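S.K.: Questions regarding the structure given below will be posed in turn.
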Amino acid sequence: MEAAAEEARRAKEAGNEAYSKSFLETAVEHYTRGALLDPRDISFLTNRTAAYFHMGKYQECVRDCDEAVKLGRELGADNKLIAKALSRKASALLELAGCAGDYAPAVRALQQSLAEHYSEETLDKLGKAERKRKELEEKERLGQAADHHRERVCTNIAGNESFKQKKYHEAAVHYTKAMKMNPKDPKIFSNRAQCYIYLGALPQALEDAEKCIELDPTFLKGYVRKAKVQFLMEDYENAMATYQEGLRCDPNNLEVLDGLRRCEARIKRGHGGADLQYLKKMFGGFHSEDDLHGIQKAMATMITKEFGEEPLWHTESERVGEFRTEDDLHKFRKATEQAAIFKKEASEERLRRIESERMARTMEDLYLSQVQQRKETEEFLSRAQQELERFKIQHDQ
1 MEAAAEEARR AKEAGNEAYS KSFLETAVEH YTRGALLDPR DISFLTNRTA
51 AYFHMGKYQE CVRDCDEAVK LGRELGADNK LIAKALSRKA SALLELAGCA
101 GDYAPAVRAL QQSLAEHYSE ETLDKLGKAE RKRKELEEKE RLGQAADHHR
151 ERVCTNIAGN ESFKQKKYHE AAVHYTKAMK MNPKDPKIFS NRAQCYIYLG
201 ALPQALEDAE KCIELDPTFL KGYVRKAKVQ FLMEDYENAM ATYQEGLRCD
251 PNNLEVLDGL RRCEARIKRG HGGADLQYLK KMFGGFHSED DLHGIQKAMA
301 TMITKEFGEE PLWHTESERV GEFRTEDDLH KFRKATEQAA IFKKEASEER
351 LRRIESERMA RTMEDLYLSQ VQQRKETEEF LSRAQQELER FKIQHDQ
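Now the structure itself:
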């Protein structure tokens with residue numbers, strides 16, 4: 001039992017450390033493990049809700065909040081913890097309300113939170129939620145901007161769903177539509193840039209990434225998108241400079257640090273590998289409009305393999321069907337062989353990074369153990385000093 005409790009404590013500390021560094025998926029894994037080791041501690045669930053919220057996984061956040069409230073009431077947990085879970089649930093519901101157009105569930109959750117434990121912050125949040133609800137009701141009554149707002153949010157969600165299904169062209173169309181409704185949202189430009197990358201439309205992707213940075217210079221994904229395009233264009237020096245700009249937004253971001261190492265490796269290697277001129281030469285062999293789709297899929301496959309993701313096709317026959325001649329197919333296969341080499345190098349780099357992280361965690365555990373031992377020693381010496389003083393007083397008397 002004590003071993004399980006200690007393991008749960010370690011899981012919580014590891015989760016908190018990962019969360020503080022914005023390694024949200026890692027934090028979720030630690031909190032999940034801790035909840036299994038100590039199911040009576042609802043703080044694992046409330047901590048995981050925070051990670052889900054910042055990951056944009058609002059449905060998962062709401063689910064965990066409900067579970068935390070139910071478990072907390074069964075176990076007689078501190079009302080503050082239950083109130084915290086209800087407040088976070090309300091925050092997630094407020095995010096979802098943008099598409100659903102319904103603020104009532106969030107308002108109810110905030111009212112329940114205040115009933116459990118009064119908080120000025122929660123009261124302020126309730127006031128804002130009620131104002132938003134009234135504003136939305138007024139807009140709907142007047143037939144003004146509510147429909148426009150919902151359409152914009154839902155269009156963006158539709159783009160996200162198409163992207164998840166690898167329908168990149170369809171996703172780009174949705175993002176373009178959302179962009180017309182809200183041309184000041186950097187996230188939409190970032191999302192469309194990613195679509196263009198997978199479609200092989202690198203100049204358009206670069207333009208969207210730069211617009212994203214212009215709209216919000218603190219938005220990290222804009223720099224990541226821009227650097228990725230520059231890397232694929234073999235502009236490794238500028239890609240490295242862009243990644244370094246991104247470090248100002250998040251000095252510990254693994255994707256940025258990995259991109260810097262990747263650029264440095266290419267520069268040291270003298271820009272080796274399958275170069276862009278070869279790809280241009282390869283694509284120069286395609287002349288008809290019918291082959292354009294094949295070119296885009298070929299580029300998309302090269303890009304996804306370069307960055308260690310799943311290919312767009314799963315069978316050889318699907319790939320062969322995109323080309324008209326054996327010569328075209330031979331050129332494509334040669335290019336994908338080069339992409340496979342890139343993928344292997346990326347995998348090895350990720351393994352090295354994982355090993356480095358493991359060693360860092362080991363050193364951190366050792367350091368914490370030494371700190372604990374030092375603390376226990378100091379407490380022992382303090383008690384011994386007190387006993388000595390007490391003995392001297394008794395002796396003097």
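The numbering of the sequence shown is UniProt numbering, which starts it at 1 and goes up by one.
A virtual CB, placed ideally from N, CA and C, is assigned to each residue, including glycine.
Note that the structure is a prediction, hence the values are computed from the model and not measured.
Given His169, which residues of its chain have a CB within under 6 Å of its CB, disregarding the five upstream and five downstream residues?
M.R.: Once the five neighbours on either side are set aside, His169 has no close Cβ partner at all.
S.K.: Along the alpha helix (DSSP H) that carries Phe219, what are the first and last residues, could you check?
M.R.: From DSSP, Phe219 is part of no alpha helix (DSSP H); its letter is neither H nor E.
S.K.: For a test of the three-state rule: what should DSSP assign to Tyr236, helix, strand or coil?
M.R.: Of the three classes helix, strand and coil, the one that applies to Tyr236 here is helix, per DSSP.
S.K.: Less than 7 Å between C-beta atoms, sequence neighbours within five positions excluded: which residues of the same chain meet that for Asp64?
M.R.: Answer for Asp64: Leu45, Arg48, Thr49 and Tyr52, listed in chain order.
S.K.: How would you label Phe231, buried or exposed, when you count the other beta carbons within 10 angstroms and need 16 or more for buried?
M.R.: With 16 or more other Cβ atoms within 10 Å, it is buried.
S.K.: Just to confirm the assignment: which complete alpha helix (DSSP H) runs, minimum length 4, are found wholly within the segment 92 to 179?
M.R.: Those alpha helix (DSSP H) runs which fall completely within the segment 92 to 179 and span 4+ residues are 104 to 116, 120 to 142 and 145 to 164.
S.K.: Would Lys228 be called buried (16 or more neighbouring beta carbons within 10 Å of its own) or exposed?
M.R.: Burial call: buried.
S.K.: Consult DSSP for Ser22 and reduce its assignment to one of helix, strand or coil.
M.R.: DSSP places Ser22 in coil when its eight states are reduced to three.
S.K.: Alpha carbon to alpha carbon, what distance is there between Gln59 and Val173?
M.R.: Cα-Cα distance, rounded: 26 Å.
S.K.: Can you look up Cys65 in the DSSP assignment and give me helix, strand or coil?
M.R.: Of the three classes helix, strand and coil, the one that applies to Cys65 here is helix, per DSSP.
S.K.: Since Ser22 and Asp258 should fall inside the 8 Å C-beta cutoff, what is the C-beta to C-beta distance between them, to a whole number of angstroms?
M.R.: No, Ser22 and Asp258 are not in contact; Cβ-Cβ is about 15 Å, not under 8 Å.
S.K.: Exposed or buried, Leu381, counting other C-beta atoms within 10 Å across all chains shown (16 or more means buried)?
M.R.: So Leu381 counts as exposed.
S.K.: Where Ala97 and Tyr103 are concerned, what is the direct C-alpha to C-alpha distance, given to the nearest angstrom?
M.R.: Cα to Cα, Ala97 sits roughly 6 Å from Tyr103.
S.K.: Do you know offhand how far Ala27's Cα is from Glu151's?
M.R.: In a straight line, the C-alpha of Ala27 is about 34 Å away from that of Glu151.
S.K.: Mind checking whether Leu37 and Glu7 have CB atoms under 9 Å apart?
M.R.: Their beta carbons are under 9 Å apart, which means Leu37 touches Glu7 by this criterion.
S.K.: Please name the residue, chosen from Glu17, Leu71, Leu202 and Gly56, that lies closest to Ser43 on a Cα-to-Cα basis.
M.R.: Residue Leu71 is the option with its Cα nearest to Ser43.
S.K.: Excluding the 5 residues flanking Ala77 on each side, which residues of the same chain have their C-beta closer than 7 Å to its C-beta?
M.R.: Only Ile42 meet the Cβ criterion.
S.K.: Less than 9 Å between the beta carbons of residue 399 and Ala5, yes or no?
M.R.: The chain is shown from 1 up to 397; residue 399 falls before or after that span and cannot be answered.
S.K.: With C-beta atoms as the reference, is Val69 less than 9 Å away from Lys89?
M.R.: Yes; because the gap between Cβ atoms is below 9 Å, this pair is in contact.
S.K.: Do you know how far the Cα of Lys164 is from the Cα of Ala241?
M.R.: Roughly 30 Å between the two C-alpha positions.
S.K.: Which residues in the same chain have their Cβ closer than 8 Å to the Cβ of Gly272, if we skip the five residues on either side of it in sequence?
M.R.: Because the pLDDT of Gly272 is 47, which lies under 50, any placement of that residue in the model is unreliable, and the number read from its coordinates should be weighed accordingly. Answer for Gly272: Arg266, listed in chain order.
S.K.: Just the C-alpha distance for Ala158 and Ala178, rounded to the nearest angstrom, thanks.
M.R.: Cα to Cα, the separation comes out at about 10 Å.
S.K.: Counting C-beta neighbours from all protein chains within 10 Å, is the total for Ala201 16 or more, i.e. buried, or is it exposed?
M.R.: Answer is buried; the Cβ neighbour count reaches 16.
S.K.: List the whole-angstrom C-beta distance separating Ala171 from Cys195, where the pair is believed to meet the contact cut-off of C-beta under 8 Å.
M.R.: Between Cys195 and Ala171 the Cβ distance is about 5 Å, and since that is below 8 Å, they are a contact.
S.K.: If you follow the alpha helix (DSSP H) that Arg40 is in, where does it begin and where does it stop?
M.R.: No alpha helix (DSSP H) contains Arg40, which DSSP labels as neither H nor E.
S.K.: In angstroms, rounded to a whole number, what distance separates the CA positions of Lys392 and Gln385?
M.R.: About 11 Å.
S.K.: Is it right to say Pro186 is buried, meaning 16 or more other beta carbons lie within 10 angstroms of its own, or is it exposed?
M.R.: Buried is the call here.
S.K.: Return the CA-CA distance between Leu110 and Arg131, expressed in angstroms with no decimal places.
M.R.: Roughly 13 Å between the two C-alpha positions.
S.K.: On the three-state DSSP scale, how would you describe Lys70?
M.R.: Residue state, collapsed to three classes: helix.
S.K.: In terms of residue numbering, what span does the alpha helix (DSSP H) encompassing Asn191 cover?
M.R.: Asn191 -> alpha helix (DSSP H) spans Pro186 to Leu199.
S.K.: Please state whether DSSP places Gly76 in a helix, a strand or coil.
M.R.: Reduced to three states, the DSSP call for Gly76 is coil.
S.K.: Could you check the C-alpha separation between Gly34 and Tyr243 for me, to the nearest Å?
M.R.: Cα to Cα, the separation comes out at about 35 Å.
S.K.: For the putative contact between Ala205 and Arg225, defined by C-beta atoms under 8 Å, what is the C-beta separation to the nearest angstrom?
M.R.: Right, the Cβ-Cβ distance comes to about 7 Å (below 8 Å), so this counts as a contact.
S.K.: Determine, using beta carbons only, whether Lys12 comes closer than 9 Å to chain D.
M.R.: The question asks about chain D, but that chain is absent: this structure has only one protein chain.
S.K.: Is the separation between the beta-carbon of Leu86 and that of Glu116 shorter than 9 Å?
M.R.: Their beta carbons are under 9 Å apart, which means Leu86 touches Glu116 by this criterion.
S.K.: Using beta-carbon positions only, say whether His54 and Leu24 come within less than 9 Å of one another.
M.R.: Yes, the pair counts as a contact, with Cβ atoms nearer than the cut-off.
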